[in-house]
Amino acid sequence: MRILGIETSCDETGVAIYDSKLGVLINNIYSQISTHSKYGGVVPELAARSHNENIISLIKDALLKTNSSKNNINGIAYTAGPGLVGSLLVGASIAKSLAYAWNIPVITINHMEGHLLSPMLNNNKLSFPFLALLVSGKHTQLIRANNIGDYNLLGESLDDAVGEVFDKIAIALGLKYPGGLSLSMLADRGFSNKYTFPKPLINKPNLMFSFSGLKTSVINTIYSLSNINYQDKANIARSFEDTIIEILVSKCAKAIHTSKLKKLVIAGGVSANNKLRFHLHSMMSKKQGILFYPNKELCTDNGVMIAYAGLLHLRNGKYNNLETSINPNWQIYSINYN
Ligand code: KG4
Ligand code: ZN
């Protein structure tokens with residue numbers, strides 16, 4: 026089976042083709058970072074326009090380079106939510122038009138499910154059930170993954186998402202949007218324990234997160250230093266990163282303990298963070314468990330994860346009719362499998 030995957034939920038236009046025998050045939054991504062970085066965040070109107078301008082050439086290129094056409098594509102999977110309304114509509118319209126013209130099934134995919142399943146692309150030892158920590162620019166969720174399309178929410182952030190906190194602090198430190206990676210690289214140059222930041226909810230027995238107090242405390246510290254130099258910034262970045270990783274590891278450890286599951290997935294943009302991977306890996310090793318994560322290039326938004334999720338759903342007989350639309354607030358735990 027060969028699936029065309031279309032991802033337009035936010036600021037990356039992703040078009041990919043996944044073949045069940047040959048694997049990833051192409052992963053085309055047009056990143057809009059240069060469009061949005063001067064505004065310090067994604068401007069929805071510009072994002073939708075940019076998807077609209079670029080998507081056709083990405084699709085044409087993907088079909089041409091992989092010798093694919095209506096004759097050998099078996100389905101089109103597109104991100105139907107969560108995400109920005111205008112952006113989602115661009116992907117949905119193209120996907121449905123092509124599916125109509127080619128008379129093949131269209132499969133609506135939940136963006137967070139795409140992230141959650143992405144470690145399966147590079148590791149065939151990962152099987153259900155497992156625990157997943159989803160950490161992106163918009164989400165921080167702990168999920169019990171029972172099967173394809175069957176997910177329970179165990180905990181989530183009451184306020185900011187982890188990626189959002191990285192990005193906001195990065196801006197306060199003078200780094201470019203999206204600043205997760207550059208903040209982490211700056212932290213590598215810092216000394217630990219120079220600053221103490223709050224760890225909201227860390228000692229609560231539940232699996233909820235809260236990061237806005239931590240974010241405010243870090244930003245206030247940055248603005249309180251009158252002649253802040255490079256080393257100060259690196260030290261702050263280090264203490265912040267250590268703190269947020271400690272919170273994430275502690276909640277994952279609790280979830281592993283109570284669920285008795287031995288497999289943990291981390292996915293979403295922040296799962297590219299090396300220190301987060303390292304600390305979660307050591308926590309899981311101590312518990313005789315295994316940590317799974319996607320390849321680096323598949324951590325942030327892409328069409329491959331959408332095509333792959335589409336393949337798994339289509340194999341199970343799930344596809345949608347052409348009247349199906351988008352749902353900007355679609356939650357992973359409310360995927361209607363039937
Ligand atoms: O999943 P994603 O591409 O988009 C959303 O669905 O939101 O995640 C993007 C987020 C951004 O906040 C970005 O700063 C963060 O992932 N990110 C990182 C790293 N690489 C990307 N955060 C921390 N460390 C990284 N290495
Ligand atoms: Zn994402």
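Just so we're aligned, residue 26 is where the sequence shown starts under this note's numbering, counting upward by one. Built from N, CA and C at the ideal position, the CB exists for glycine as well.
If we count the other Cβ atoms within 10 Å of its Cβ and call it buried at 16 or more, is residue i buried or exposed?
i, result
"Pro-144", "buried"
"Glu-138", "buried"
"Gln-256", "exposed"
"Lys-240", "buried"
"Asn-361", "exposed"
"Thr-283", "exposed"
"Leu-250", "exposed"
"Ser-34", "buried"
"Pro-230", "exposed"
"Ala-297", "buried"
"Arg-263", "buried"
Can you tell me which of the three DSSP states residue i falls into?
i, result
"Gln-313", "coil"
"Phe-155", "strand"
"Glu-322", "helix"
"Ala-186", "coil"
"Val-68", "coil"
"Phe-364", "With the chain running from 26 to 363 in the structure shown, residue 364 is simply not present."
"Asn-363", "Unreliable placement is indicated for Asn-363, whose pLDDT of 47 sits below 50; the coordinate value is still reported in the next sentence. Here Asn-363 sits in coil by DSSP."
"Gln-57", "coil"
"Leu-167", "strand"
"Glu-181", "strand"
"Asp-175", "strand"
"Asn-77", "helix"
"Thr-133", "strand"
"Lys-288", "strand"
"Leu-29", "strand"
"Asp-36", "coil"
"Gly-342", "coil"
"Gly-204", "coil"
"Phe-191", "helix"
"Ile-351", "coil"
"Leu-47", "coil"
Output the distance between the C-alpha atoms of residue i and residue j, rounded to the nearest integer angstrom.
i, j, result
"Ile-119", "Lys-150", "35 angstroms"
"Lys-288", "Gly-65", "36 angstroms"
"Ala-87", "Ala-195", "34 angstroms"
"Ile-132", "Ile-351", "12 angstroms"
"Asn-171", "Asp-185", "27 angstroms"
"Cys-277", "Gly-188", "17 angstroms"
"Gln-57", "Ser-75", "7 angstroms"
"Leu-142", "Asn-177", "15 angstroms"
"Ser-94", "Leu-156", "37 angstroms"
"Ser-217", "Gly-328", "38 angstroms"
"Gly-30", "Asn-252", "49 angstroms"
"Leu-89", "Ala-41", "12 angstroms"
"Ile-173", "Thr-349", "20 angstroms"
"Glu-37", "Leu-226", "33 angstroms"
"Val-243", "Lys-279", "26 angstroms"
"Gln-356", "Ala-197", "31 angstroms"
"Ser-307", "Ser-359", "32 angstroms"
"Ile-81", "Val-274", "41 angstroms"
Thinking C-alpha only, which one of the options is nearest residue i?
i, options, result
"Leu-347", "Pro-130, Ala-197 and Ile-168", "Pro-130"
"Gly-39", "Leu-29, Gly-48, Ser-45 and Asn-53", "Asn-53"
"Leu-336", "Tyr-103, Arg-302 and Asp-326", "Tyr-103"
"Val-115", "Leu-208, Glu-78, Ser-56 and Ala-262", "Glu-78"
"Ile-134", "Leu-123, Ala-117, Tyr-125 and Asn-147", "Ala-117"
"Gly-204", "Phe-191, Val-329 and Ile-28", "Phe-191"
"Leu-286", "Gly-174, Tyr-333 and Arg-169", "Arg-169"
"Gly-294", "Pro-154, His-140 and Ser-359", "His-140"
"Val-290", "Leu-316, Val-274 and His-304", "Leu-316"
"Ile-261", "Ser-182, Leu-146, Gly-199 and Leu-83", "Gly-199"
"Tyr-318", "Ile-101, Thr-60, Leu-113 and Asn-148", "Asn-148"
"Val-160", "Gly-48, Ala-212, Leu-47 and Asp-326", "Asp-326"
"Leu-179", "Leu-146, Met-210, Gly-215 and Phe-234", "Phe-234"
Determine, for residue i, whether the minimum Cβ-Cβ distance to residues of chain C falls below 7 angstroms.
i, result
"Tyr-333", "Protein chain content of the structure displayed is limited to a single chain, and chain C is not contained in it."
Assess, as a yes-or-no matter, whether the stretch 99–108 is touched by the stretch 303–316 under the definition of 3 or more beta carbon pairs within less than 8 angstroms.
no
contact_flag[the stretch 333–344, the stretch 159–169] where n(CB pairs < 8 angstroms) is 3 or more:
Between the stretch 333–344 and the stretch 159–169, the count of Cβ pairs shorter than 8 angstroms is below three; the stretches do not touch.
Three or more C-beta pairs below 8 angstroms linking the stretch 219–234 and the stretch 256–269:
yes
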